[in-house]
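Peer 1: Quick note: the sequence shown uses the UniProt record's numbering, first residue 1, plus one each step.
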Amino acid sequence: MYWHDGEWSAEPRAILGLSNNSFWMGNSVFDGARAYEGVMPDLDRHCERLLRSAKHMLMRPTMGAKHLSAICREGVAKFDPEAELYIRPMFYARGGFLLPDPDTTECAVVIHRVALPRASFSACSAPFRRPCPDMAPTQAKASCLYPLSQHALHYAHQKGFDNALLCNANGDVVEFATCNIMIVKGSTVYTPEPDGSFLAGITRARVMGLLRDAGIEVIECRMQWQDVLDADEIFSTGNFGKVLPAHRVNDRHYEHGPIAKLAHELYRTFAHDMSPAAATA
Numbered sequence: 001m002y003w004h005d006g007e008w009s010a011e012p013r014a015i016l017g018l019s020n021n022s023f024w025m026g027n028s029v030f031d032g033a034r035a036y037e038g039v040m041p042d043l044d045r046h047c048e049r050l051l052r053s054a055k056h057m058l059m060r061p062t063m064g065a066k067h068l069s070a071i072c073r074e075g076v077a078k079f080d081p082e083a084e085l086y087i088r089p090m091f092y093a094r095g096g097f098l099l100p101d102p103d104t105t106e107c108a109v110v111i112h113r114v115a116l117p118r119a120s121f122s123a124c125s126a127p128f129r130r131p132c133p134d135m136a137p138t139q140a141k142a143s144c145l146y147p148l149s150q151h152a153l154h155y156a157h158q159k160g161f162d163n164a165l166l167c168n169a170n171g172d173v174v175e176f177a178t179c180n181i182m183i184v185k186g187s188t189v190y191t192p193e194p195d196g197s198f199l200a201g202i203t204r205a206r207v208m209g210l211l212r213d214a215g216i217e218v219i220e221c222r223m224q225w226q227d228v229l230d231a232d233e234i235f236s237t238g239n240f241g242k243v244l245p246a247h248r249v250n251d252r253h254y255e256h257g258p259i260a261k262l263a264h265e266l267y268r269t270f271a272h273d274m275s276p277a278a279a280t281a
């Protein structure tokens with residue numbers, strides 16, 4: 001389903017043309033949320049982040065987060081309650097030349113069926129670096145940042161892996177190409193500390209909080225390659241797949257261990273136990 005200018009349609013409509021700023025400048029922003037098994041965890045947080053992204057990219061959001069969340073819920077209601085959906089609200093600018101004209105900011109929402117991945121995944125090191133915040137608009141979930149992820153994924157797929165593990169400009173491990181990384185050593189979880197080069201995700205923050213509430217120590221740190229290779233478990237957090245175990249990084253193989261399983265169950269319980277009003281608070 002597609003929403004634009006107050007209307008839903010089952011088929012996409014042309015809303016940008018060759019002369020529109022976001023089409024050729026690549027400054028559109030989006031966010032991703034999920035609906036599955038009748039829940040929409042942290043939808044409001046995703047909408048709030050989208051507004052921050054739009055402002056960071058010099059646009060002026062045309063509505064507040066609550067209004068946007070209501071539109072997303074309206075669209076989800078058009079599907080079967082158990083459908084596994086990807087919810088993608090966006091802001092873009094129609095006018096402007098090098099700079100976007102903030103008064104021409106528009107919103108669109110896309111909701112389509114995408115199954116939740118359930119299998120473990122493999123990853124390899126890739127020769128790409130996440131940019132520093134003074135090199136790219138890394139504080140926004142901006143479309144212009146994603147070609148780097150595309151190149152990293154293509155590199156990984158060419159080598160027979162599912163995903164790629166990326167470093168920052170200093171050589172610290174910061175994330176997978178499409179999601180955040182957490183590693184386990186003993187009974188402690190480690191994850192890269194936010195340094196401005198990667199998006200410290202909403203699902204990442206939620207899982208960290210759930211693990212800490214369950215008595216698991218979670219430490220944000222500067223992560224090195226040796227830390228990854230020495231880990232007992234590795235798992236990812238992200239909106240698309242939520243919590244997924246990694247079974248291989250380069251030539252190192254990992255078991256689907258107890259902490260990764262706990263993180264998955266804690267997140268699933270969180271998503272299902274919340275009331276409709278609180279489910280995205």
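Just so you know, even glycine gets a beta-carbon here, dropped at the ideal spot from N, CA and C.
Quick one: measure Cβ to Cβ for P100 and M59, integer angstroms, because I've assumed they're closer than 8 Å.
Peer 2: Rounded, the Cβ-Cβ distance is 6 Å, consistent with contact.
Peer 1: Can you tell me whether G186 is buried or exposed? The criterion is at least 16 other CB atoms within 10 Å of its CB, across all chains shown.
Peer 2: By the 10 Å Cβ count, G186 comes out exposed.
Peer 1: Thinking C179 and S236 are a contact (beta carbons under 8 Å), I'd like their distance in whole angstroms, please.
Peer 2: 4 Å
Peer 1: What are the boundary residues of the beta strand (DSSP E) that includes A274?
Peer 2: Correcting the residue identity first, residue 274 is Met in this sequence and not Ala. Element bounds for M274: n/a, residue is neither H nor E.
Peer 1: For a test of the three-state rule: what should DSSP assign to A14, helix, strand or coil?
Peer 2: A14 falls in the coil class under three-state DSSP.
Peer 1: Which residue wins for smallest C-alpha separation from T191, given the options S197, H272, P127 and M208?
Peer 2: M208
Peer 1: Since L85 sits in a beta bridge, which residues does DSSP pair it with?
Peer 2: A35 and R113
Peer 1: Kindly list the residues whose CB is nearer than 8 Å to the CB of R73, restricted to its own chain and excluding five residues on each side of it in sequence; keep chain order.
Peer 2: M40 and L43
Peer 1: Just checking, does the region 130-148 make contact with the region 248-264 on the three C-beta pairs under 8 Å criterion?
Peer 2: no
Peer 1: Look at the alpha carbon of I219 and the alpha carbon of V76, and state the distance between them as a whole number of angstroms.
Peer 2: Taking the straight line joining both Cα atoms gives about 36 Å.
Peer 1: In the DSSP assignment, find the beta strand (DSSP E) that holds L166 and state where it starts and stops.
Peer 2: N163 to C167
Peer 1: Rounded to whole angstroms, what's the CA-CA distance from K261 to A35? Just pull it up for me.
Peer 2: 21 Å
Peer 1: For the 8 Å Cβ check, are there 3 or more pairs between the region 91-99 and the region 10-24?
Peer 2: yes
Peer 1: Roughly how many angstroms lie between the CA atoms of M90 and R212, to the nearest whole one?
Peer 2: 33 Å
Peer 1: Can you tell me which residues form a DSSP beta bridge with Y2?
Peer 2: Paired residues: S9 and V110.
Peer 1: Span of the beta strand (DSSP E) holding C124?
Peer 2: F121 to R129
Peer 1: Pairs of beta-carbons, one from the region 195-210 and one from the region 52-69, closer than 8 Å: are there three or more?
Peer 2: no
Peer 1: Which of the three DSSP states is assigned to residue 288 in this structure?
Peer 2: In this structure the chain extends from 1 to 281, so residue 288 is not present and cannot be described.
Peer 1: So, at 7 Å on beta carbons, what are the nonlocal neighbours of A164 in its own chain, with the 5 sequence-adjacent residues on each side left out?
Peer 2: Excluding sequence neighbours, A164 sits near A123, C124, A126, A152, L153, Y155, A156, F176 and A177.
Peer 1: For E48, I'd like the list of residues in its chain whose CB is within less than 6 Å of its CB, leaving aside the five on either flank, ordered along the chain.
Peer 2: A65
Peer 1: Does D172 pass the burial test, meaning 16 or more other C-beta atoms within 10 Å, or should it be called exposed?
Peer 2: Flag for D172 reads buried.
Peer 1: Going straight from the alpha carbon of L18 to that of G215, what length do you get?
Peer 2: The straight-line gap separating the alpha-carbon atoms of L18 and G215 is approximately 54 Å.
Peer 1: Would you list the residues sitting across from A142 in a DSSP beta bridge?
Peer 2: V29
Peer 1: Report yes if the CB atom of M182 is closer than 7 Å to the CB atom of V174, and no otherwise.
Peer 2: Against a cut-off of 7 Å, the Cβ pair of V174 and M182 comes out as no contact.
Peer 1: Write down the C-beta distance between M57 and A142 rounded to the nearest angstrom, noting that I regard them as a contact closer than 8 Å.
Peer 2: 6 Å
Peer 1: Where do the ends of the beta strand (DSSP E) carrying K185 lie?
Peer 2: N180 to K185
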